[in-house]
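Numbering (our numbering), first residue to last: 10 to 273. All residues carry an ideal CB built from backbone N, CA and C; glycine is no exception. Because the structure is a prediction, the values reported are computed rather than measured.
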Amino acid sequence: MRLAFRVSYLGSRFYGSQIQASHRTVEGEVIAACQRLSLFSDWREAGFQFAGRTDRGVHACGQVAAFSTDAPERARTIINTQLPPDLWSTAYAEVAPEFHPRYDAKSRTYRYYFSKRPEDPDVMDRAAQHFLGSHDFSNFARVKDKNPVRNILAVHVGEEEGFVFLEVTAESFLWHQVRCMASALTLVGEKKADDCSIARLLEEAPKRPLQPAPAEGLILWDTDCGITWTPTPAEGQSGAFIDHLIRHFTLMEKVCRVLKASHR
């Protein structure tokens, strides 16, 4: 049976998603967990695939993995027991034997959280609308030998719990595209560029791409493969790990504020 899994991960401790022999990666950890559960022995023969790649430090709550196995019940019920605490499955689905999460994806959505609140998020949102539709993104990505034209289906700049974010949906993305889009919008939000600068960069001849924004703010939010998902049984270690990180960084925020106050 071929199964698809919706996968979440905290990317901070991964060297990207794509399997690499000498580094810890998301694919590598998922494959190792599947092999420990005897879901398959050879990941190539099992047709193991991810919907796409994420860079080092990028997170996900909507990645999609797929593989074929002769032990589907074991995969559905206990896969989370073998995954590390910074990587877990949230749902599964039975899919057609030919299902490929990358090529069958109808769209992908990313959300980028800005670490510093921009001066003018509203003008950033107006500027972001220039991205809608099909454009040449040569000035917003590392294109290499790829087609630089991408179709943006939806985009907006919003705010959540004190953090401004960029959310963008497209059929597909280029390498560093969302992070470069975030960089361009940061300049607009800080009033270092006007809201028409996006349109100019989309129309200008290719030059050196913008420096991408830091990876830590980027989340692969959703991959739409037209699947109806069934929740995967949760494994407590992931929730406990995230709770520990929240407490740790809340504590560090307090420590930093105390240290900053001591210099006044």
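Any idea what DSSP makes of residue i, helix, strand or coil?
i, result
"Q186", "helix"
"S17", "strand"
"I28", "coil"
"L196", "helix"
"R11", "strand"
When the Cα atoms are used, what is the spatial distance from residue i to residue j?
i, j, result
"C189", "P130", "17 Å"
"Q27", "W97", "16 Å"
"G251", "P93", "For the record, residue 251 in the displayed sequence is Ile; it is not Gly. Their backbone Cα atoms lie some 12 Å apart in a straight line."
"G56", "G25", "20 Å"
"C265", "S271", "10 Å"
"A30", "E38", "11 Å"
"E168", "S124", "12 Å"
"E213", "A222", "21 Å"
"E54", "A114", "22 Å"
"S17", "G198", "30 Å"
"K263", "V67", "25 Å"
"G245", "L12", "23 Å"
"E128", "E225", "21 Å"
"K155", "S147", "10 Å"
"Y101", "R62", "20 Å"
"V177", "I255", "26 Å"
"D145", "A42", "40 Å"
"T90", "R45", "11 Å"
"A74", "V104", "11 Å"
First and last residue of the alpha helix (DSSP H) that includes residue i?
i, result
"C265", "G245 to A270"
"I87", "P81 to Q91"
"L211", "S206 to E212"
"I40", "V35 to R45"
For residue i, count neighbouring Cβ atoms within 10 angstroms of its own Cβ and tell me buried if that reaches 16, exposed if not.
i, result
"M133", "buried"
"F140", "buried"
"L260", "exposed"
"L210", "buried"
"H185", "buried"
"R126", "exposed"
"A163", "exposed"
"V187", "buried"
"T118", "buried"
"Y112", "exposed"
"L194", "buried"
"S143", "exposed"
"C205", "exposed"
Chain D beta carbons: is any one of them nearer than 8 Å to that of residue i?
i, result
"S247", "Absent here is chain D; the protein component of the structure consists of one chain."
Can you tell me where the beta strand (DSSP E) with residue i in it begins and where it stops?
i, result
"R117", "S116 to Y122"
"S77", "H68 to S77"
"A102", "L96 to V104"
"I236", "Element bounds for I236: n/a, residue is neither H nor E."
Q | Complete runs of the alpha helix (DSSP H) confined to the segment 127 to 193 [at least 4 residues] | A | The qualifying runs are 130 to 137.
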